[in-house]
Structures are given as structure tokens and as C-alpha cells.
Amino acid sequence: MPLLEIEQKFSFTLANAAILSRKGGFPPFKTLGDFRSQTFRDTYYDSQNKLSNAGLWLRKRHLHADPAHPHTPSPGDAPEWEAKQSMQGGSFLRSTFSETRDRSRILELVRLHFPDQISGFRDDFGLDAIAGFETRRLTLLADEKFTVVLDVTDFGHVVGEVELMAEDAGEAHADIDAFFEEYAWFFDTSNPKGKLTAYFEKFGYPK
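Note that UniProt numbering has the sequence shown beginning at 1, numbered continuously upward.
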């Protein structure tokens, strides 16, 4: 059975993020490691909402070489494409995705919804850019199991995700729920909002 990406969103404060980076908090996390920081620009593509209505998100990511200079792309680096297909029973806050970065598979998925489309990666499949923004991201591994992602966007939105790769989505969501409850001082699950939702609310939804 293929592994699925299990995600649950949460809100956090920058003050608590600073406490986390010092490995503080009550209770403190059992282990924290593999700290990584990135800055990147994501552009999402669709046309007449055909992909999003099918639960498919098509994204092109440009990684930046130096987080201190986020407008300077890595020299010679090709953009990274990803297609994420949401699985049945997911929501904006509790998501299960089948994802791929394989370009041949991405091309198949796009042409499944746009069979007459002849454009490829070079021309962004002839689709419309429906959202574009930069993100500063801190990623870490907590309790040797949970990938914690903290994102701050260039349009002022802050949101986090906990991610697990698993075969059983229900079991993984239960594990994340218990993780959130154990460290409730850090994870605010009352009203988290994803980056795309926040972007569309601020700049308008695609038509």
C-alpha cells in the first residue's frame, strides 16, 4: 500500500516559536531535531477551477538560495513541480494527500482534466496562475516521529502543519490529535487557516 501524506494544520504564535527553538515550553517536547529553514516562492495553477474542484492542487516551487535575500533564486535550479490529490474524507484542516513530484505522472494528471491541452511544463501547461506568494519555512522533527512545519508568508499569514507519512490515515490522524493534546501550549487548533485560503480571502478567489 502506498504511503499517504497526512497533514493537520494549527495556529502558532511567534513568541511560542521562539520558546520552541530554545527547546522550552511546558511540557517540553521529548526530542527536537533536524531543524531546517527555507525560503521559496510557490505558484499554483488551474483553469476554471477544474483541478481544485477535483481536489487536485498543482504547484510550482522556486527555492531561494539565501534566506537573507529571498528574491534571489538559486542559480541554475529548475523549479520543483508537485501535484497533490486530496483523498476522500479530508478537509482544509485535516488532510490526506497522494502526492507526486514525478513529471510524467503530473503530466498525466493534468491531461486527465485537460485532455486537449498540448502545453507542458515550460509553458505551465497553458494554465492560469491562481496564486503566488513567498514563504519562510522552519521544519523540524519532534519526538522522533512528527514533522512540524512553521510557515510565515510574505502577505502576513502564519500557519503550521504537522505531517506524517503513513498507510492508515485514520490511525495517523489519531496520533497527531494525541500529539496536539500533549503539547497544547504550542498547538492552537481552534481556528487555523491554510495559506491558500488566507491568500484567496485577501486577494480574491479564482473564477
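Glycine included, each C-beta is placed from N, C-alpha and C at the ideal position.
_With DSSP as the reference, identify every bridge partner of I6, one or two as the case may be._
Position 6 of the sequence shown, counting from 1, holds the residue named residue 6. I6 pairs with T96, L164.
*Please determine, among E144, L63, N16, the residue with the shortest C-alpha to C-alpha distance to T135.*
In the sequence shown, residue 135 corresponds to position 135, counting from 1. Comparing Cα-Cα distances from T135 to each of E144, L63, N16, the minimum goes to L63.
_Checking the sheet assignment: what are the DSSP bridge partners for R137?_
What you label residue 137 is simply residue 137 of the sequence shown in a count that begins at 1. According to DSSP, R137 bridges with Q38, D151.
_Just to confirm the assignment, what range does the beta strand (DSSP E) spanning H62 have?_
As a first step, residue 62 must be located in the sequence shown, where it is residue number 62. That run of the beta strand (DSSP E) goes 56 to 63.
*To which residues does DSSP link T43 through a beta bridge?*
As a first step, residue 43 is located in the sequence shown; it is residue number 43 there, counting from the start. In DSSP, T43 forms a bridge with K60, G132.
_Distance, L127 Cα to L141 Cα_ = By one-based count along the sequence shown, residue 141 stands at place 141. By one-based count along the sequence shown, residue 127 stands at place 127. Their backbone Cα atoms lie some 36 angstroms apart in a straight line.
*asked:* Quick check: the Cα distance between P75 and Q38, rounded to an integer number of angstroms?
replied: As a working mapping, residue 75 is identified with position 75 in the sequence shown. As a working mapping, residue 38 is identified with position 38 in the sequence shown. Low confidence applies to P75: its pLDDT is 47, below 50, so where it sits in the model is not reliable, and the reading given next is rough at best. Spanning the two alpha carbons is a distance of roughly 15 angstroms.
_Please return the same chain residues whose Cβ sits closer than 6 angstroms to the Cβ of I176, not counting the five positions on each side in sequence._
Taking the sequence shown and counting its residues from 1, the one referred to as residue 176 is at position 176. For I176, where only same-chain residues beyond five positions count, the Cβ hits under 6 angstroms are Q8, V162.
*asked:* Taking its Cβ as the centre, do 16 or more other Cβ atoms sit within 10 Å of D151, making it buried, or is it exposed?
replied: As a working note, residue 151 is residue 151 in the sequence shown. That one is buried.
*asked:* Using the Cβ count rule (16 or more neighbours within 10 Å means buried), how would you classify F203?
replied: Reading the sequence shown from its first residue, position 203 is the one you call residue 203. Flag for F203 reads exposed.
*For A172, count neighbouring C-beta atoms within 10 Å of its own C-beta (all shown protein chains included) and say buried if the count is 16 or more, exposed if not.*
Position 172 of the sequence shown, counted from the start, is the residue given in the question as residue 172. Buried: at least 16 other Cβ atoms inside 10 Å.
_Enclosing beta strand (DSSP E) for A83 [first to last residue]_ = The residue given as residue 83 occupies position 83 in the sequence shown. It spans 80 to 86 - the beta strand (DSSP E) in which A83 sits, taken as one unbroken run.
*Please classify D188: does DSSP put it in a helix, a strand, or coil?*
Taking the sequence shown and counting its residues from 1, one reaches residue 188 at position 188. Note: D188 maps to strand in three-state DSSP.
_So I106 and A83 are supposed to be a Cβ contact under 8 angstroms. How far apart are they, rounded?_
Taking the sequence shown and counting its residues from 1, the one referred to as residue 106 is at position 106. Taking the sequence shown and counting its residues from 1, the one referred to as residue 83 is at position 83. Contact flag correct, Cβ pair sits at about 5 angstroms.
_Distance, Y45 Cα to D124 Cα_ = If you number the sequence shown from 1, residue 124 lands on position 124. If you number the sequence shown from 1, residue 45 lands on position 45. Cα-Cα distance, rounded: 8 angstroms.
*Would you call F35 buried or exposed, if buried means 16 or more other Cβ atoms sit within 10 Å of its Cβ?*
Your numbering for residue 35 matches position 35 in the sequence shown. F35 comes out exposed.
*Going by C-alpha distance, which of S98, D188, H113, E144 is nearest D168?*
Numbered from its first residue, the sequence shown carries residue 168 at position 168. Comparing Cα-Cα distances from D168 to each of S98, D188, H113, E144, the minimum goes to S98.
*Please go through the same chain and pick out, in chain order, the residues whose beta-carbon is closer than 7 angstroms to the beta-carbon of F121, but skip the five residues on each side of it.*
The residue given as residue 121 occupies position 121 in the sequence shown. The answer, listed in chain order, is W81, R103.
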